[in-house]
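Enquirer: Sequence lines, in order, name chains R and Z. If you read the first sequence in this note's numbering, its first letter stands for residue 71, the second for the next number, and so on. If you read the second sequence in this note's numbering, its first letter stands for residue 135, the second for the next number, and so on. Structure below; questions to follow.
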Amino acid sequence: AQKITQTQPGMFVQEKEAVTLDCTYDTSDPSYGLFWYKQPSSGEMIFLIYQGSYDQQNATEGRYSLNFQKARKSANLVISASQLGDSAMYFCAMRDNRDDKIIFGKGTRLHILP
Amino acid sequence: DTAVSQTPKYLVTQMGNDKSIKCEQNLGHDTMYWYKQDSKKFLKIMFSYNNKELIINETVPNRFSPKSPDKAHLNLHINSLELGDSAVYFCASSLRTGLYEQYFGPGTRLTVT
Numbered sequence: 071a072q073k074i075t076q077t078q079p080g081m082f083v084q085e086k087e088a089v090t091l092d093c094t095y096d097t098s099d100p101s102y103g104l105f106w107y108k109q110p111s112s113g114e115m116i117f118l119i120y121q122g123s124y125d126q127q128n129a130t131e132g133r134y135s136l137n138f139q140k141a142r143k144s145a146n147l148v149i150s151a152s153q154l155g156d157s158a159m160y161f162c163a164m165r166d167n168r169d170d171k172i173i174f175g176k177g178t179r180l181h182i183l184p
Numbered sequence: 135d136t137a138v139s140q141t142p143k144y145l146v147t148q149m150g151n152d153k154s155i156k157c158e159q160n161l162g163h164d165t166m167y168w169y170k171q172d173s174k175k176f177l178k179i180m181f182s183y184n185n186k187e188l189i190i191n192e193t194v195p196n197r198f199s200p201k202s203p204d205k206a207h208l209n210l211h212i213n214s215l216e217l218g219d220s221a222v223y224f225c226a227s228s229l230r231t232g233l234y235e236q237y238f239g240p241g242t243r244l245t246v247t
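In structure tokens, the structure reads:
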């Protein structure tokens, strides 16, 4: 069965430091996608980055990069040079081709300190 | 231009009432979804529609009935509201089924008293 695990319920990081948010997953389907979403206190869900299981390189989008380690089934989000506006809830999610559902982890609440 | 919009943003109602939430996307996507986010922020899929056809119905009580009049709209009707239905409901869309990212609406906070 599909599963997404985020083990860090909360994190405090100093502004301008890099942040790594952990995500491990489990699926038996060889074809799947991994996603990260940001939910600020205003409540909206913002898509950040996508990694496909067959992608050879780690995905990057601006200050966001995904550290994809397929053998370990991990898809950690790295935020470089953190900013106060990065304070939010971050969700890792997975979708596989088998049943087309997207499942979400429980999220990590990130606090950036000035 | 708002890509995925939902109305209303807030909904406060009493137990036993019937209410609807509307969702529209202007992205030209084929697939739309409803999610429920509980008080602990856990997000769970409820339904998905692809080109007006129901694809996923995730063991949701039959008091919840989605309706898709066209591929740009997916509405959620809830009958006989219960206290446990209080949550934030998100609509989302993706280009099509498969490994595509989803774009979310702003959410509707439903409070049942």
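We put the beta carbon where it would ideally sit given N, CA and C, even for glycine. This one's a predicted model, so the numbers in the text were calculated from it and none came from an experiment.
Out of Z/G150, Z/Q159, Z/G239, which one is the CA nearest neighbour of Z/A206?
Expert: Of the listed residues, the one whose Cα sits closest to Z/A206 is Z/Q159.
Enquirer: What does Z/I190 reach in chain R if we use C-beta pairs closer than 9 Å?
Expert: Ordered by position in chain R, the residues that pass the 9 Å Cβ test against Z/I190 are D169, D170, K171.
Enquirer: Whose Cβ in chain Z lies nearer than 7 Å to the Cβ of R/E131?
Expert: Going along chain Z, no residue has its Cβ under 7 Å from R/E131, so there is no contact; the nearest lies around 11 Å.
Enquirer: Taking only three categories from DSSP, how would you classify Z/L233?
Expert: Here Z/L233 sits in coil by DSSP.
Enquirer: When the Cα atoms are used, what is the spatial distance from R/K131 to Z/D219?
Expert: Before going on, a small fix: residue 131 of chain R reads as Glu here, not Lys. When rounded, the distance between both Cα atoms is 36 Å.
Enquirer: When you compare only the Cα positions, how much space is there between R/S157 and R/A163?
Expert: Straight-line Cα distance between these residues: approximately 19 Å.
Enquirer: For the pair the stretch 142 to 162 of chain Z and the stretch 216 to 234 of chain Z, tell me if three or more CB-CB distances fall below 8 Å.
Expert: Judged by Cβ distances under 8 Å, the stretch 142 to 162 of chain Z makes contact with the stretch 216 to 234 of chain Z, as three or more pairs qualify.
Enquirer: Nearest CA to the CA of Z/M166: which residue from Z/G150, Z/N213, Z/N209?
Expert: Here the closest residue by C-alpha is Z/N209.
Enquirer: Report the residues of the stretch 149 to 177 of chain Z with a CB closer than 7 Å to any CB of chain R, ordered along the chain.
Expert: Of all residues in the stretch 149 to 177 of chain Z, K175, F176, L177 have a Cβ within less than 7 Å of some Cβ in chain R.
Enquirer: My guess is that R/L183 and R/F82 are in contact by the Cβ rule of under 8 Å, so how many angstroms apart are they, rounded?
Expert: Contact flag correct, Cβ pair sits at about 6 Å.
Enquirer: By DSSP, does R/G113 sit in helix, in strand, or in coil?
Expert: R/G113: coil per DSSP, three-state reduction.
Enquirer: Shorter than 8 Å from the beta carbon of R/E85 to some beta carbon of chain Z?
Expert: So no, R/E85 is outside the interface.
Enquirer: In chain Z, which residues lie less than 9 Å from R/G80 when you measure between Cβ atoms?
Expert: Those do not exist, as R/G80 stays about 12 Å from chain Z at its closest Cβ, beyond 9 Å.
Enquirer: Thinking C-alpha only, which one of R/S111, R/I149, R/Q76, R/D166 is nearest R/T90?
Expert: Residue R/I149 is the option with its Cα nearest to R/T90.
Enquirer: For a test of the three-state rule: what should DSSP assign to Z/G218, helix, strand or coil?
Expert: Residue state, collapsed to three classes: helix.
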